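Novice: Before I ask anything, here is the structure I am working with.
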Amino acid sequence: MYVAVKGGERAILNSYRALAQYRRGDETVPELTLAQIRQQMPLAVSRVMAEGALYDPHLAALALKQAAGDAIEAVFLLRAYRTTLPRLGDTEPIDTGRMQLRRRISSTFKDVPGGQVLGPTYDYTQRLLDFSLEDGEARTVASARAPDAAGATPAPLEAAMPRVTDLLQHDALIDPDAPPPGDPAPFDLTRQPLGFPAARPARLQNLARADEGFLLSMGYSTQRGYGNTHPFAAEIRYGSLEVEMMIEELGAPVVIGEIDVTECQMVSQFAGNAQEGPKFTRGYGLTFGYGERKAMSMALVDRALRAAELGEAADSPANDHEFVLYHSDNVEASGFVQHLKLPHYVDFQANLELLRRLRADHERQHARPTAAGPADVPATAVDSPAAARQEVQTP
Amino acid sequence: MNASPHVERDAHYNFGYLDESTKRMLRRALLKAVAIPGYQVPFGSREMPLPYGWGTGGIQVTASLIGAQDVLKVIDQGSDDTTNAINIRRFFARVTGVRTTESTPEASIVPTRHRIPETPLREGQIMVFQVPISEPLRWLEPSETETRTMHALAEYGAMHVRLYEDIAHHGHIATTYDYPVIVNGRYMMRPSPIPKFDNPKLDGNPALMLFGAGREKRVYAVPPYTRVASLDFEDHPFTVERWSECCDLCGSRESFLDEIILDDQGTRRFVCSDTEYCGQRQAAQAHDAAPEDQA
Chain A
0 MYVAVKGGER AILNSYRALA QYRRGDETVP ELTLAQIRQQ MPLAVSRVMA EGALYDPHLA
60 ALALKQAAGD AIEAVFLLRA YRTTLPRLGD TEPIDTGRMQ LRRRISSTFK DVPGGQVLGP
120 TYDYTQRLLD FSLEDGEART VASARAPDAA GATPAPLEAA MPRVTDLLQH DALIDPDAPP
180 PGDPAPFDLT RQPLGFPAAR PARLQNLARA DEGFLLSMGY STQRGYGNTH PFAAEIRYGS
240 LEVEMMIEEL GAPVVIGEID VTECQMVSQF AGNAQEGPKF TRGYGLTFGY GERKAMSMAL
300 VDRALRAAEL GEAADSPAND HEFVLYHSDN VEASGFVQHL KLPHYVDFQA NLELLRRLRA
360 DHERQHARPT AAGPADVPAT AVDSPAAARQ EVQTP
Chain B
0 MNASPHVERD AHYNFGYLDE STKRMLRRAL LKAVAIPGYQ VPFGSREMPL PYGWGTGGIQ
60 VTASLIGAQD VLKVIDQGSD DTTNAINIRR FFARVTGVRT TESTPEASIV PTRHRIPETP
120 LREGQIMVFQ VPISEPLRWL EPSETETRTM HALAEYGAMH VRLYEDIAHH GHIATTYDYP
180 VIVNGRYMMR PSPIPKFDNP KLDGNPALML FGAGREKRVY AVPPYTRVAS LDFEDHPFTV
240 ERWSECCDLC GSRESFLDEI ILDDQGTRRF VCSDTEYCGQ RQAAQAHDAA PEDQA
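Those protein sequence lines, which keep their order, are chains A and B.
In this text, residue positions in the first sequence follow numbering that gives the first Met the number 0: the first is 0, and each later residue adds one.
In this text, residue positions in the second sequence follow numbering that gives the first Met the number 0: the first is 0, and each later residue adds one.
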């Protein structure tokens, strides 16, 4: 006798145990600490904070550990936790022109005030596996602490470096980015549903939380010809800045913490129209932590999403607001793709029943004109449980 | 009948997981949904600790309504025992501590996926449906901007054309679940992926029917005793499945049956998809068979 699927609860509890074992691996190998993840996998921590939309390296490290290194699962853990946090207020807008920089490059000018600073980058590492990392890292740490190649201790970077786009704005060559006076509080994607047409604040919020891989591919598609924006990386900067919040009782903004961010400003040409002359336009990317690939991709996609309002042809996938903004979130996408694992047997049964009926109809129709041998008529068409089923009209 | 007696209330989280202002936002959206039957109301959907596509809409709707006195029944595919139903029931037991049940008449809130119970619902009960895609016109028109306009104009001809094309090609309407309905003579609505067998239960039901789509950030409602008409044509009236077999366990000829494959020789049996209904009938039959037993 068939017993309808029982024991689901025990199976779930057993899966928790199996997962815990899988995550921990060989217990003779020391367990990872959150400090190790924070300090030695900072790029993974950055990605989880950016897409998890929560700046907390400790919790991001915890999420990564709990998710056994799966970035998207860790993002999901952080997002779900974020839902439970009270919203105490809004911080003052950050000024990335006042960042304490660790990296700053421009691909549009040979030299810019403050200079080009490579900082910690994989760009010119030559991707050869470094076998010295296999057995501890004594050598790498020693070389990192050594004076720089010229024999001098690196000089601290200038406290403030003007942004390259600000230099362009001086000459009115680029569209402004300062919020106009009396700018209302922006739309909040985490509190209000996305509507269309989506204004740029909503779009940028969506892109800032978007999956890095999705943005990378969408940005790449614009470069290959699906909505090219002819971009230049005017500036990429990574560093830290203080976050301030206005405390009403004190009447002044108070520093509540320091965060790392990566910013990318792409510059594209705009042909101009009847109202305004030709100028440069911006594509903007900003991520929590150190996330240069994501910030650059975001800037490309942001610019592609502006095509329609700038009067450009907007017929490529990256120009389509609904297409990009509805499919960019990996927590949404991952959940919906994987919900196909859930039981669907009621719907499948309904489809199975229909398919059998349609096939029986088909075989009856095709058996009739030949009429050569009645033996050809499949007996199963009459005997099958599906054919025995019938549709009844409801009152 | 307490379905999950051993799940402890986790005091780390607010009652119902969501904070009170989020619950209020959701209730406002639900009130609007009840006021405009079948209309999809956008709401500020939150990330829940269960994945999108796994019932986050229904879970948020439930979380915004549930009180300490409520009795919760959770079903998926008609069954209280599927892993997803158990998981959601355990979640609410953990974040609310409310009593859970498998009995349809006992429950005050019934979150469901893909079925409406066979046991008729009564006034005061709330069904909460999980909705994957809330827009009935989505497969015909991918753009949300366009479909919202179509709803505003009640421009539903495209759906009738699609159903007509099914009849022209196959002789039947080839939609077997998530079969589109018109609510209160105005809005076209997806009933969520319930089999069309369950569509007639939506019509004039005394219970409140709420639908939550978390990923799509929409809620909608069918208030009690509202007219819900499944789309059809005069010469091709709406029909539902009936089986010539009866349930192998309880003998019901009225319920939606699941086909169970028993071996690789094509042997199959049919059993009720609604396990609680089936269990009640079996218990009643056992009681009837031995009426003097422990009277």
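Here a beta-carbon is modelled for each residue, glycine too, at the ideal position from N, C-alpha and C.
A quick note: this is a predicted structure, and the numbers were derived from the prediction, not measured.
What's the C-alpha gap between residue 92 (chain B) and residue 307 (chain A)?
Specialist: On the second sequence, position 93 is the one that residue 92 (chain B) refers to. On the first sequence, position 308 is the one that residue 307 (chain A) refers to. Cα to Cα, residue 92 (chain B) sits roughly 49 angstroms from residue 307 (chain A).
Novice: Please classify residue 257 (chain B) as buried or exposed, where buried requires at least 16 neighbouring CB atoms within 10 angstroms.
Specialist: Along the second sequence, one-based indexing puts residue 257 (chain B) at 258. Per the 10 Å Cβ criterion, buried.
Novice: DSSP three-state call for residue 203 (chain B): helix, strand or coil?
Specialist: Walking along the second sequence from the start, residue 203 (chain B) turns up at place 204. Reduced to three states, the DSSP call for residue 203 (chain B) is coil.
Novice: Is the separation between the beta-carbon of residue 24 (chain B) and that of residue 54 (chain B) shorter than 8 angstroms?
Specialist: Sequence index remark: in the second sequence, residue 24 (chain B) carries index 25 (1-based). Sequence index remark: in the second sequence, residue 54 (chain B) carries index 55 (1-based). No, these two residues do not count as a Cβ contact at 8 angstroms.
Novice: Secondary structure at residue 178 (chain B), three-state DSSP: helix, strand or coil?
Specialist: Counted from its first residue, the second sequence places residue 178 (chain B) at position 179. Coil at residue 178 (chain B), not helix or strand.
Novice: In its own chain, which residues sit with a C-beta less than 7 angstroms from the C-beta of residue 373 (chain A), not counting the 5 before and 5 after it?
Specialist: Working through the first sequence from its first residue, we reach residue 373 (chain A) at position 374. Its pLDDT being 43, under 50, residue 373 (chain A) is placed unreliably by the model, and the measurement read from it follows with that caveat. Within the same chain, residue 373 (chain A) has no close Cβ partners at all.
Novice: Which chain A residues sit within Cβ distance under 8 angstroms of residue 86 (chain B)?
Specialist: Residue mapping note: residue 86 (chain B) aligns to position 87 of the second sequence, counting from 1. What residue 86 (chain B) touches in chain A: 11.
Novice: Hey, would you say residue 119 (chain A) sits closer than 8 angstroms to residue 97 (chain A), going by beta carbons?
Specialist: In the first sequence, the residue the question calls residue 119 (chain A) occupies position 120. In the first sequence, the residue the question calls residue 97 (chain A) occupies position 98. No. Outside cutoff.
Novice: Among the candidates A:324, A:334, A:270 and A:19, whose CA atom is the shortest distance from the CA of residue 172 (chain A)?
Specialist: Position 173 of the first sequence, counted from the first residue, corresponds to residue 172 (chain A). Out of A:324, A:334, A:270 and A:19, A:270 has the C-alpha closest to the C-alpha of residue 172 (chain A).
Novice: Using the Cα positions of residue 18 (chain B) and residue 83 (chain A), report the straight-line distance between them to the nearest angstrom.
Specialist: One-based indexing of the second sequence puts residue 18 (chain B) at position 19. One-based indexing of the first sequence puts residue 83 (chain A) at position 84. Their Cα atoms are separated by approximately 7 angstroms.
Novice: Among A:330, A:225, A:126 and A:54, whose alpha-carbon lies nearest the alpha-carbon of residue 319 (chain A)?
Specialist: If you number the first sequence from 1, residue 319 (chain A) lands on position 320. For the residues A:330, A:225, A:126 and A:54, the minimum Cα distance to residue 319 (chain A) belongs to A:225.
Novice: Could you tell me which of A:277, A:202 and A:237 sits nearest to residue 406 (chain A), measuring between CA atoms?
Specialist: This structure leaves residue 406 (chain A) out entirely; chain A is present only between 0 and 394.
Novice: Does residue 51 (chain B) get closer than 8 angstroms to chain A when you measure Cβ to Cβ?
Specialist: The residue given as residue 51 (chain B) occupies position 52 in the second sequence. Closer than 8 angstroms to some Cβ of chain A, the Cβ of residue 51 (chain B) qualifies, so yes.
Novice: I'd like to know if residue 345 (chain A) contacts chain B, where contact means its C-beta is closer than 8 angstroms to some C-beta of that chain.
Specialist: Within the first sequence, residue 345 (chain A) is the residue found at index 346, counting from 1. Closer than 8 angstroms to some Cβ of chain B, the Cβ of residue 345 (chain A) qualifies, so yes.
Novice: Near residue 11 (chain B), which residues of its chain fall below 6 angstroms by C-beta distance, leaving aside the five closest residues on each side in sequence?
Specialist: In the second sequence, the residue the question calls residue 11 (chain B) occupies position 12. The answer is none, since no qualifying residue turns up.
Novice: Which residues of chain A have a Cβ atom closer than 8 angstroms to the Cβ of residue 254 (chain B), listed in chain order?
Specialist: Position 255 of the second sequence holds residue 254 (chain B). Result: empty, since nearest Cβ-Cβ is about 12 angstroms, beyond 8 angstroms.
Novice: Distance cutoff 8 angstroms, beta carbons only. Does residue 204 (chain B) sit that close to anything in chain A?
Specialist: Taking the second sequence and counting its residues from 1, one reaches residue 204 (chain B) at position 205. For residue 204 (chain B), the answer is no, since every Cβ of chain A falls outside 8 angstroms of its Cβ.
Novice: Are the C-beta of residue 34 (chain A) and some C-beta of chain B separated by less than 8 angstroms?
Specialist: Locating residue 34 (chain A) in the first sequence gives position 35, counting from the first residue. No, its Cβ sits nowhere closer than 8 angstroms to a Cβ of chain B.
Novice: Taking the C-alpha atoms as reference points, what is the distance between residue 71 (chain B) and residue 109 (chain B)?
Specialist: The residue given as residue 71 (chain B) occupies position 72 in the second sequence. The residue given as residue 109 (chain B) occupies position 110 in the second sequence. In a straight line, the C-alpha of residue 71 (chain B) is about 6 angstroms away from that of residue 109 (chain B).
Novice: How is the beta strand (DSSP E) around residue 47 (chain A) delimited, first residue to last?
Specialist: Within the first sequence, the letter at position 48 stands for residue 47 (chain A). Element bounds for residue 47 (chain A): not the beta strand (DSSP E) but the alpha helix (DSSP H), 41 to 51.
Novice: Using a Cβ-Cβ cut-off of less than 8 angstroms, give me the residues of the stretch 336 to 367 of chain A that come near chain B, in sequence order.
Specialist: Listed by position along the chain: 336, 337, 338, 341, 342, 343, 344, 345, 346, 348, 349, 350, 351, 352, 353, 356, 357 and 360.
Novice: Between which two residues does the alpha helix (DSSP H) holding residue 165 (chain B) run?
Specialist: Counting from 1 along the second sequence, the entry for residue 165 (chain B) is found at position 166. First-last of the alpha helix (DSSP H) with residue 165 (chain B): 156 to 169.
Novice: When the Cα atoms are used, what is the spatial distance from residue 177 (chain A) to residue 177 (chain B)?
Specialist: As a first step, residue 177 (chain A) is located in the first sequence; it is residue number 178 there, counting from the start. As a first step, residue 177 (chain B) is located in the second sequence; it is residue number 178 there, counting from the start. The straight-line gap from Cα to Cα measures roughly 48 angstroms.
Novice: If we ignore side chains and look at the alpha-carbon of each, how far apart do residue 179 (chain B) and residue 126 (chain B) end up?
Specialist: For the purposes of this step, residue 179 (chain B) is taken as residue 180 along the second sequence, with counting starting at 1. For the purposes of this step, residue 126 (chain B) is taken as residue 127 along the second sequence, with counting starting at 1. For residue 179 (chain B) and residue 126 (chain B), the distance between alpha carbons rounds to 18 angstroms.
Novice: Helix, strand or coil for residue 134 (chain A) per DSSP?
Specialist: As a working note, residue 134 (chain A) is residue 135 in the first sequence. Residue 134 (chain A) falls in the coil class under three-state DSSP.
Novice: Taking Cβ-Cβ distances below 7 angstroms as the criterion, which residues of the stretch 312 to 327 of chain A are in contact with chain B?
Specialist: So the close ones are 321.
Novice: Excluding the 5 residues preceding and the 5 following residue 116 (chain A) in the sequence, name in chain order all residues of the same chain whose CB lies nearer than 8 angstroms to its CB.
Specialist: For the purposes of this step, residue 116 (chain A) is identified with residue 117 of the first sequence, where counting begins at 1. Closer than 8 angstroms at Cβ, skipping near neighbours: 100, 101, 102, 103, 104 and 156.
Novice: What three-state label does DSSP hand residue 375 (chain A) in the structure shown?
Specialist: Within the first sequence, residue 375 (chain A) is the residue found at index 376, counting from 1. Bear in mind that a pLDDT of 42 at residue 375 (chain A), under 50, signals an unreliable position, so the model cannot answer this.
Novice: Is the stretch 259 to 276 of chain A close to the stretch 286 to 296 of chain A, with three or more CB pairs under 8 angstroms?
Specialist: Yes, the stretch 259 to 276 of chain A is in contact with the stretch 286 to 296 of chain A.
Novice: Applying a beta-carbon distance threshold of less than 9 angstroms, which residues of chain B neighbour residue 306 (chain A)?
Specialist: Counting from one through the first sequence, the residue named residue 306 (chain A) turns up at place 307. None at all; the shortest Cβ gap to chain B is about 17 angstroms.
Novice: Does DSSP classify residue 383 (chain A) as helix, strand or coil?
Specialist: In the first sequence, counting from the first residue as 1, residue 383 (chain A) sits at position 384. Reliability fails at residue 383 (chain A), whose pLDDT of 43 lies under 50, so the model's placement of it is uncertain and no value is given.
Novice: Residues bridged to residue 19 (chain B) by DSSP?
Specialist: On the second sequence, residue 19 (chain B) is found 20 positions in, with the first residue counted as 1. Note: residue 19 (chain B) sits in no beta bridge, so no partner.
Novice: Residue 33 (chain A) to residue 68 (chain B), Cα distance in whole Å?
Specialist: Reading the first sequence from its first residue, position 34 is the one you call residue 33 (chain A). Reading the second sequence from its first residue, position 69 is the one you call residue 68 (chain B). Between residue 33 (chain A) and residue 68 (chain B), the C-alpha separation is close to 41 angstroms.
Novice: If contacts are defined as beta-carbon pairs under 8 angstroms, then residue 214 (chain B) and residue 52 (chain B) qualify, I think. What distance do you get, rounded to the angstrom?
Specialist: Sequence index remark: in the second sequence, residue 214 (chain B) carries index 215 (1-based). Sequence index remark: in the second sequence, residue 52 (chain B) carries index 53 (1-based). Contact holds; Cβ gap of about 6 angstroms.
Novice: Need the endpoints of the alpha helix (DSSP H) that residue 149 (chain B) sits in, please.
Specialist: Reading the second sequence from its first residue, position 150 is the one you call residue 149 (chain B). 143 to 151 is the span of the alpha helix (DSSP H), which, as asked, contains residue 149 (chain B).
Novice: Between the Cα of residue 278 (chain A) and those of A:232, A:77 and A:268, spot the shortest distance and give me the residue it belongs to.
Specialist: Here residue 278 (chain A) refers to the residue found at position 279 of the first sequence. Closest by alpha carbon: A:268.
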